[in-house]
Amino acid sequence: MNENNPVLQSMRQELDELKLRYGSSPTDFNRYQLVRHEQRLAQWVPNEKIGA
């Protein structure tokens, strides 16, 4: 996957935002959003290490 891909960059940015949101407000809803986004990212870029 090209690192400069705008969709990949956007998905990574959203992942960072969701991590911050869950860190400051660890609700079930925020956790669900974070986990679901991680799953979408893993499907879109299967070889990517999500937590890195």
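Going by the numbering used here, 7 is the number at position 27 of the sequence shown; the sequence numbering is gapless.
For every residue, glycine included, the Cβ atom is placed at its ideal position computed from N, Cα and C.
Linking Lys(-1) to Phe9 through their CA atoms gives a straight-line distance of about 12 Å.
DSSP, read as helix, strand or coil, puts Pro6 in coil. Between Arg11 and Tyr2, the C-beta gap is smaller than 8 Å, which places the two residues in contact. With respect to the 8 Å criterion, Glu18 and Leu(-5) are classified as neighbours on the basis of their beta carbons.
Across the structure, Asn(-15) and Gln13 are spaced so that their CA atoms are roughly 23 Å apart.
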